[in-house]
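Worksheet for the structure shown next.
In this note's numbering, the protein residues as written are 106 to 280.
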């Protein structure tokens, strides 16, 4: 009987474990926090990515997933990327923070083997006067390199994925 109780305890502990990641906000990653993703949440994402047959489909799935970390983080810490920089509230996010979040989250998915066709690379920036950061992603079987930019829409909405060369030139998504 004790063994059954112990095994049930172990099962509960294993399934309740969460993946904790570093998250930053308040412009240029001035404030840091830890955000935990439950195994159930990660399993839901795994289900979405499991049946992805080719590069374009995985790229589309990445657009949805890259914008999700800030939304999940909102459940644990108060953040709002749309707040004005001068509002005095320390929950704002700029492209530095957004790209850090997207890169971190996608690396979690990559580390779990959920990205089969793409690899997450370092963050990338364009613009000297007003820098804009994005996440660099490359295809395994192709030379195609893209930038994922989750700053165009509110938290929880999909990121925009553009060819890296176009993104570096400042091309914006069609509205």
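Think of the CB as a built atom: it goes at the ideal place given N, C-alpha and C, for glycine as much as any other residue.
Those residues which DSSP pairs with residue 241 across a bridge: Taking the first residue of the chain shown as 1, we reach residue 241 at position 136. Paired residue(s): 252.
Backbone CA spacing between residue 162 and residue 265 [nearest angstrom]: On the chain shown, residue 162 is found 57 positions in, with the first residue counted as 1. On the chain shown, residue 265 is found 160 positions in, with the first residue counted as 1. Computed Cα separation, rounded: 14 Å.
So is residue 223 buried or exposed if we call it buried at 16+ other beta carbons inside 10 Å? Residue mapping note: residue 223 aligns to position 118 of the chain shown, counting from 1. Counting every other CB atom within 10 Å of its CB across the protein chains shown gives residue 223 a total of 16 or more, marking it as buried.
Let's see if you can read the secondary structure: which residues bound the alpha helix (DSSP H) around residue 169? Sequence index remark: in the chain shown, residue 169 carries index 64 (1-based). It spans 160 to 171 - the alpha helix (DSSP H) in which residue 169 sits, taken as one unbroken run.
Contacting residues, own chain, Cβ-Cβ under 6 Å from residue 219 (five flanking each side not counted): Translated into the one-based positions of the chain shown, residue 219 becomes position 114. 151 and 154, listed in sequence order.
Residue 251 beta carbon less than 7 Å from that of residue 269: Against the chain shown, residue 269 aligns to sequence position 164. Against the chain shown, residue 251 aligns to sequence position 146. It is a contact, given that the beta carbons lie within the stated cut-off.
Give me the Cα-Cα distance between residue 135 and residue 247, rounded to the nearest whole angstrom. Start at 1 with the first residue of the chain shown, and residue 135 comes out as number 30. Start at 1 with the first residue of the chain shown, and residue 247 comes out as number 142. About 36 Å.
What residue does the beta strand (DSSP E) around residue 125 start on, and which one ends it? Along the chain shown, one-based indexing puts residue 125 at 20. Residue 125 -> beta strand (DSSP E) spans 123 to 130.
Determine the contact status of residue 139 and residue 125, defining contact as a CB-CB distance below 7 Å. For the purposes of this step, residue 139 is taken as residue 34 along the chain shown, with counting starting at 1. For the purposes of this step, residue 125 is taken as residue 20 along the chain shown, with counting starting at 1. With respect to the 7 Å criterion, residue 139 and residue 125 are classified as neighbours on the basis of their beta carbons.
Residue range of the unbroken beta strand (DSSP E) whose run includes residue 142: Stepping through the chain shown from its first residue, residue 142 is reached at position 37. 136 to 143 is the extent of the beta strand (DSSP E) around residue 142.
Excluding sequence positions up to five away, which residues of its chain have a Cβ less than 8 Å from the Cβ of residue 211? Position 106 of the chain shown, counted from the start, is the residue given in the question as residue 211. 167, 170, 171, 220, 225, 240, 242 and 253.
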